[in-house]
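> Line by line, the protein sequences are chains A and B. Position one of the first sequence corresponds to residue 341 (my numbering), numbered consecutively onward. Position one of the second sequence corresponds to residue 8 (my numbering), numbered consecutively onward.
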Amino acid sequence: MTEKLLEIRDLHVMYRTDDDNIFALNGVNLSVEKGKTIGLVGETGAGKTTTALSIMRLLPDKVGIIRQGEIFLEGRNLRDLSEADMRLLRGNNVSMIFQDPMTSLNPTHTVGEQIGEVVKLHYPELRSDAVEAKVDEMMEMVGIPAERKTEYPHQFSGGMKQRIVIAIALACNPKLLLADEPTTALDVTIQAQVLKMMNELKEKFNTSMILITHDLGVVAQICDWVGIMYAGEVIEHGTVEDIFEGERHHPYTIGLFGSIPDMTKKTERLNPIEGLMPDPSSVPPGCRFSERCPHRMDICSTDSPEVIIRGTHQIKCHLFSEPREGVCLAEEKLVKGAAS
Amino acid sequence: MTNGNAAPGANGFAGSTQILASARIHQYKKKSQVKTIWLRLKKNRLAMFGLVVFMIMMGVVLSADLYMSYEDQAISQNLSQRFRPPSEEHLLGTDQFGRDLLARVVYGGRISLFVGLATICVSLTAGSVIGASAAYYGGKTDNILMRIMDVFLAVPNMLMAITLVAALGTSIFNLILAMGISQTPRMSRIVRSSVLSIIGQDYIEAARACGTSDARIIFRHILPNAMGPILVQVTQTVARSVITIASLSFIGLGISEPTPEWGSMLSEAKGQLRYHPFLAVAPGVAIVMSVMSLTLLGDGLRDAMDPRLKN
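1) Within 8 Å of any Cβ in chain A, is that where the Cβ of B/Ala213 sits?
2) Quick check on A/Tyr492: does DSSP put it in helix, strand or coil?
3) Measuring alpha carbon to alpha carbon, tell me which of B/Met272, B/Leu303, B/Leu53, B/Ala222 ends up nearest B/Gln7.
4) Give a yes or no on whether the C-beta atoms belonging to A/Leu345 and A/Lys515 are separated by under 8 Å.
5) Given a limit of 9 Å on CB to CB distance, which residues of the stretch 86-114 of chain B reach chain A?
6) Verify the CB distance criterion: does B/Tyr143 have a CB-CB separation below 8 Å to chain A?
7) Listed from N- to C-terminal order along the chain, which residues in the stretch 473-507 of chain A have their beta-carbon within a distance smaller than 7 Å of any beta-carbon of chain B?
8) Got a sec, what are the start and stop residues for the alpha helix (DSSP H) B/Gln208 sits in?
9) Residues of the stretch 126-150 of chain B with a CB closer than 8 Å to any CB of chain A: list them in chain order, please.
10) In this structure, what does DSSP give as the bridge partners for A/Leu551?
11) Hey, is A/Thr357's beta-carbon within less than 8 Å of any beta-carbon in chain B?
12) What does B/Ala216 reach in chain A if we use C-beta pairs closer than 8 Å?
13) Can the beta-carbon of A/Gly572 be found closer than 8 Å to that of A/Asn361?
14) Any idea which residues DSSP pairs A/Gln408 with across the strands?
15) Is there a Cβ from chain B that is less than 8 Å from the Cβ of A/Val372?
16) Cutting at 6 Å between CB atoms, please list the residues of its own chain near B/Ser119, excluding the five before and the five after it.
17) Taking 8 Å as the cut-off, decide whether the C-beta atoms of B/Gly138 and B/Ser195 are in contact.
18) Should B/Thr132 be labelled buried (16 or more other beta-carbon atoms within 10 Å of its own) or exposed?
19) Which chain A residues are close to B/Asp209, counting only those with a beta carbon under 7 Å from its beta carbon?
20) Is any beta-carbon of chain B found at less than 8 Å from that of A/Lys402?
21) Considering only the beta carbon of each residue, do B/Arg117 and B/Phe104 sit closer than 8 Å?
22) Which residues of chain A have a Cβ atom closer than 7 Å to the Cβ of B/Pro231, listed in chain order?
23) State buried or exposed for A/Thr450, treating a residue as buried only when at least 16 other CB atoms are found within 10 Å of its CB.
24) Run through the stretch 446-472 of chain A for me and flag every whole beta strand (DSSP E) of 3 or more residues, listed as ranges in chain order.
25) With DSSP collapsed to three states, give me the class of A/Glu540.
26) Would you report the Cα separation of B/His33 and A/Glu487, rounded to the nearest angstrom?
27) Can you list the residues of chain B that A/Val451 reaches, using a CB-CB cut of under 8 Å?
28) Just the Cα atoms here: how many angstroms apart are A/Ile649 and A/Cys657?
29) Going straight from the alpha carbon of B/Val298 to that of A/Ala509, what length do you get?
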């Protein structure tokens, strides 16, 4: 097993609002190995972005609170770092790509200045021609002619802006890149280009990446590992092969795959997962997914499931816990459900 | 940040020196920012008109010593020449003490324009720092800073300036300080509100994610984007401070007689308005011209500095 770059242990995050306390993350465990990409998948509100913001320690001030848990980056606990140390880390060791390239560039500065800024921030001793050279290098690397560095963000198309954002994120060769739905705002052809480029750059710099997305196709394309998130927990975790090919899956994962339209079949309707995510302001006992689960058992609404590990594959579901009466039956049913 | 971290970065930059060589061949059509702004400003006729008028006024005012005498024409009284209408000898006529009005307007501009612009510098700097940090940090900082500003705002502008000048003593420097401080609350409110509208933008979050320091985010990323309303306020404040000096002079705390100054010339001329209206016209036009040219220039500059409106 290769070295772990990032390790998140039992992370609980809460958003404190005037009306309610929103429990956004409830015991997230996640690790990222050097040079590997992990895809975080899940529906809206599952806590994917909150996980990324917790790593960056950019949760909204006084509203987002880390209640417990640790985040280790190369053995250092990020929660113990001072704000000044954390700032040195951001953009240099860990950087983040935001969802919407249209709004994540400052309209009043040229793109060259914006790429150069992050370099200057983390390498203040660098001479300005070296910074310029780095800017040129980064621009060429993301496939934009370096001459265009004197232009402003509004003079670029959406896909090009996202490339600039990626260039900024990679300018200091970060060890970990958090990509929060980097292709959601782009159209499909540009998506493919940007993903391909990110993949190449990632391999070139040996950067680890956490890719947050709704798109399972994207995950299959570029991720090594996958974490399926639901209601603030990672409910299934494994290699791409484990998730996409194995037969043992969390019922939610099966539902997620079931809701992708199949091009080869003629279907009238999509197959969504019935129901909605539980109210994040009250944490019910037992499994979070139990209310929507087609394989619900009595134990599901009382006890929180343990994480069942088999090789690289982890599932948090009662269906797979120690053999008990009736469980084998459920497992059979599940396999059948996946096959149909 | 141990050596282990520095090494890959250093390698990355060592590699980029080769690229530097190839970059030189590229030869960008690199225009400096000042030049770009100037090119765009040149297309804006109104702004150019404002700039030309303002430059002419500055030129006339600053070079006054070359073609007129401060002592003879603007200060010394000549009671036999009172209230002369405009003539060849006195282009704008003379005032109630027989002093040449043109000379007084020109020399008065030195003080009025200087004090007006300096007041802006004081209140803009203080207002930006206070307003921007209140908006950026929010919560307690916001509350404390803005409540202090509210206390200042509760005291009328004029009264505040009077108190400060009276406490510090009458001098041009104290006058500027007093007026700057009394304009600060208004400025900081404007800055705060326009900063608040920028702060939620994604690129501010993105800058934070790059490890940018707070001060840098405020001054480099937020303020340039919040410039519009601030610039409008600035041009208005210049006008307001010229008038304020006049009021202060009236109660003997501003610029004292016989030093010429537009505002006090205007208030002096008020008494003669019925029979000698031209006395009020000259300093009045001077104030209007300077304020108008600054406003037009300010508007044009705002447009020229906004890259989104390019071409």
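Every residue gets a Cβ at the ideal spot worked out from N, C-alpha and C, and that includes glycine. Just so it is clear, the structure is predicted and the values come from calculations on it, not from any experiment.
Judging by the given coordinates:
1) Yes, contact with chain A.
2) Residue state, collapsed to three classes: coil.
3) This structure cannot settle anything about residue 7 of chain B, because the visible part of chain B is limited to 8 through 318.
4) Yes. Within cutoff.
5) Correct list: empty, as no residue qualifies.
6) No, no contact with chain A.
7) Within the stretch 473-507 of chain A, those residues whose Cβ lies closer than 7 Å to any Cβ of chain B are, in chain order, Ala473, Lys474, Asp476, Glu477, Ala486, Glu487, Thr490, Tyr492, His494.
8) Unbroken run through B/Gln208: none, as it is neither H nor E.
9) Result list: Gly145, Gly146.
10) In the DSSP output, where bridge partners are listed per residue, A/Leu551 has A/Gly379, A/Ala519.
11) No, because no Cβ of chain B sits closer than 8 Å to the Cβ of A/Thr357.
12) Result: Met396, Leu398, Arg430, Gly431, Ser435, Met436, Phe438.
13) Not a contact, by the Cβ cut-off of 8 Å.
14) In the DSSP output, where bridge partners are listed per residue, A/Gln408 has A/His352.
15) No - not a single Cβ of chain B is within 8 Å of the one on A/Val372.
16) Hits under 6 Å: Val249, Glu268, Trp269.
17) Taking 8 Å as the Cβ cut-off, B/Gly138 and B/Ser195 qualify as a contacting pair.
18) B/Thr132 sits exposed, since fewer than 16 C-beta atoms from the chains shown fall within 10 Å of its C-beta.
19) Phe438, Asp440, Thr443, Ser444, listed in chain order.
20) True, the Cβ-Cβ gap to chain B drops below 8 Å.
21) Cβ distance not < 8 Å, so B/Arg117 and B/Phe104 don't count as in contact.
22) Going along chain A in sequence order, the residues near B/Pro231 (Cβ under 7 Å) are Thr448.
23) A/Thr450 is buried by the Cβ-count criterion.
24) Listed in chain order, nothing qualifies, since the stretch 446-472 of chain A has no complete beta strand (DSSP E) run of 3 or more residues.
25) Correct three-state label for A/Glu540: helix.
26) In this predicted model, B/His33 has a pLDDT of only 48, less than 50, meaning its place in the structure is not dependable enough to derive any value.
27) Contact annotation for A/Val451 against chain B: no contact, minimum CB-CB distance about 11 Å [criterion: below 8 Å].
28) Rounded to whole angstroms, A/Ile649 and A/Cys657 show a C-alpha spacing of 11 Å.
29) Going by C-alpha positions, B/Val298 is about 46 Å away from A/Ala509.
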